[in-house]
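A.B. asks: Dumping the structure here so I can ask a few things about it.
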Amino acid sequence: MFALLSTVFSLRNVLLLFCLLNLKNLPLAWELRLLYRGWRSWRSKRDVARILDTAASRASSDSKAPASSHPLFAPLTISSRTPLLEIDHNIHKSNSTYFSDLDESRTALVVHLLSSTKFSPAELDKAGYKGAFAVILGSVHTSFLKEIKAYERYEVRSRVLSWDQKWIIIGSVFVRPKNAKDRIREAKVEGKSEAENNTQQDEHDSGEILLATCLSKYVVKKGRFTVSPERCWISAGWMPEKPADRTTPPVVVDSSAAMTPDMEQIDGAVGLTAADLRRRAQETAAKAAEKLKEDQNNGAEEKLSKADEACRQAASNWSWDDIEAERTRGMKIAENWLGLDRSLREQWEEDFARGIGR
Numbered sequence: 001m002f003a004l005l006s007t008v009f010s011l012r013n014v015l016l017l018f019c020l021l022n023l024k025n026l027p028l029a030w031e032l033r034l035l036y037r038g039w040r041s042w043r044s045k046r047d048v049a050r051i052l053d054t055a056a057s058r059a060s061s062d063s064k065a066p067a068s069s070h071p072l073f074a075p076l077t078i079s080s081r082t083p084l085l086e087i088d089h090n091i092h093k094s095n096s097t098y099f100s101d102l103d104e105s106r107t108a109l110v111v112h113l114l115s116s117t118k119f120s121p122a123e124l125d126k127a128g129y130k131g132a133f134a135v136i137l138g139s140v141h142t143s144f145l146k147e148i149k150a151y152e153r154y155e156v157r158s159r160v161l162s163w164d165q166k167w168i169i170i171g172s173v174f175v176r177p178k179n180a181k182d183r184i185r186e187a188k189v190e191g192k193s194e195a196e197n198n199t200q201q202d203e204h205d206s207g208e209i210l211l212a213t214c215l216s217k218y219v220v221k222k223g224r225f226t227v228s229p230e231r232c233w234i235s236a237g238w239m240p241e242k243p244a245d246r247t248t249p250p251v252v253v254d255s256s257a258a259m260t261p262d263m264e265q266i267d268g269a270v271g272l273t274a275a276d277l278r279r280r281a282q283e284t285a286a287k288a289a290e291k292l293k294e295d296q297n298n299g300a301e302e303k304l305s306k307a308d309e310a311c312r313q314a315a316s317n318w319s320w321d322d323i324e325a326e327r328t329r330g331m332k333i334a335e336n337w338l339g340l341d342r343s344l345r346e347q348w349e350e351d352f353a354r355g356i357g358r
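Going by the UniProt record's numbering, the letters in the sequence shown line up with residues 1 to 358, in that order.
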């Protein structure tokens, strides 16, 4: 009996230890990780104004500060490790598990940038854009450069690279600090002794090892319609309004073939059936409710909160042209990947038309 109890107690301890060492991969752990990152990254308009003011003061004190110093392009960092359940047969992090870390990192970034967004219902609902807002992942490309060993600590950094009228392009990297073995290896490659390598550190040496790189694209939807990223940034308070002499892209890009038509006006009730009259009454009531809602929204917009005003003032400290220049630079980085994505789709369509692979 004692031996049996001892065995059960031992197995329980082993199971408990196994769970503790693999908390990251237990059931529902991924969902809890995303909720935690979203909660930690939630920003109000006051938070955005404070972040912009702090970054602007730093940029003004540094005349060589690049356009990427704008908080909209700043990376957001999370740290993690590789537990036993993420190890493959090569005894390092499995390639498939990188994407769950990317989900966590990108969720933190997207919530950080978009949680302060305030869309006017009268502005979009009136045009027929019904439905809830959603941020949807469109595609991911990842290059694996260095292995990540079991339980090795690393960081995932994600930031906005660019955007167009539809897509938000996000770049992510996996990095870890260099260790003594890395520096010895570098010294051998460069033909230096370890002592020389320690005393002659390159000023451009980041002190980190790049483990993987990733490009992702997101789209912001309201129902079936696409909301432009620029509209999101301005609404969230990260960007100033576009100058009047600039070409303004459409606020909402329609992703469907047909637009929602305006409701037809019924001039008279002659010849209408009971069903027609009920439908007419419902439409009239809906219009009255929509008009009341619109008036309430317009009245609320006239009385901007102090947080909104502070956010607008902070955003105006940044040049729209500098932000646009950084956006253009980031698009040049991503354009080859976007072009490859289009080419692959075109190749698939061509193969399908020729009956290849069916």
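All residues carry an ideal CB built from backbone N, CA and C; glycine is no exception.
None of the values given here were measured: they were computed from a predicted structure.
Once DSSP output is grouped into helix, strand and coil, what is the label at residue 149?
C.D. replies: Three-state result, residue 149: strand.
A.B. asks: For the alpha helix (DSSP H) that residue 356 lies in, which residues bound it at each end?
C.D. replies: No alpha helix (DSSP H) contains residue 356, which DSSP labels as neither H nor E.
A.B. asks: In the DSSP assignment, find the unbroken beta strand (DSSP E) run with residue 157 in it and report its ends.
C.D. replies: Run containing residue 157: 154-163, per the beta strand (DSSP E) assignment.
A.B. asks: For residue 60, which of helix, strand or coil comes out of DSSP?
C.D. replies: In this structure, residue 60 counts as helix in the three-state DSSP scheme.
A.B. asks: Any contact between the stretch 340-353 and the stretch 78-91? By contact I mean 3 or more CB pairs, one from each, below 8 Å.
C.D. replies: Contact fails: fewer than three Cβ-Cβ distances are below 8 Å.
A.B. asks: What residues in its chain sit with their C-beta under 6 Å from that of residue 340, if we drop five residues either side in the sequence?
C.D. replies: Here the set comprises nothing.
A.B. asks: What are the boundary residues of the beta strand (DSSP E) that residue 138 is part of?
C.D. replies: From DSSP, the beta strand (DSSP E) with residue 138 extends over 133-144.
A.B. asks: Locate the alpha helix (DSSP H) running through residue 82, then write down its first and last residues.
C.D. replies: Here residue 82 belongs to no alpha helix (DSSP H), and DSSP marks it neither H nor E.
A.B. asks: Below 7 Å CB to CB, which residues in the same chain sit around residue 30 once its five sequence neighbours on both sides are set aside?
C.D. replies: For residue 30, where only same-chain residues beyond five positions count, the Cβ hits under 7 Å are 100.
A.B. asks: Does the count of Cβ pairs from the stretch 220-238 and the stretch 139-148 closer than 8 Å reach three?
C.D. replies: The stretch 220-238 is not in contact with the stretch 139-148.
A.B. asks: Counting only beta-carbon atoms, is residue 126 nearer than 8 Å to chain D?
C.D. replies: No chain D is present in this structure, which holds just one protein chain.
A.B. asks: Candidates 162, 209, 181 and 182: which alpha carbon is nearest residue 327's?
C.D. replies: Checking every option, the nearest Cα to that of residue 327 belongs to 162.
A.B. asks: What is the rounded straight-line gap between the Cα of residue 105 and the Cα of residue 185?
C.D. replies: Their Cα atoms are separated by approximately 30 Å.
A.B. asks: So residue 43 packs on residue 116, CB below 8 Å; how close in whole Å?
C.D. replies: Correct: roughly 5 Å between the Cβ atoms.
A.B. asks: What does a CB cutoff of less than 6 Å around residue 93 pick up in its chain, not counting 5 residues either side in sequence?
C.D. replies: So the list reads 82, 86 and 148, once near-sequence residues are dropped.
A.B. asks: So, under 8 Å CB-CB, residue 129 and residue 222 are touching, yes? Tell me the CB distance rounded to an integer number of Å.
C.D. replies: That pair is a contact at about 5 Å.
A.B. asks: Can you give me the Cβ contacts of residue 249 inside the same chain, cut-off strictly under 7 Å, excluding the 5 residues immediately before and after it?
C.D. replies: Summary for residue 249: the model assigns pLDDT 48, below 50, so the residue's position carries little reliability, and this model does not support an answer.
A.B. asks: Is residue 36 helix, strand or coil when you go by DSSP?
C.D. replies: Here residue 36 sits in helix by DSSP.
A.B. asks: Which class does residue 188 belong to by DSSP, given the choice of helix, strand or coil?
C.D. replies: Three-state DSSP puts residue 188 in a helix.
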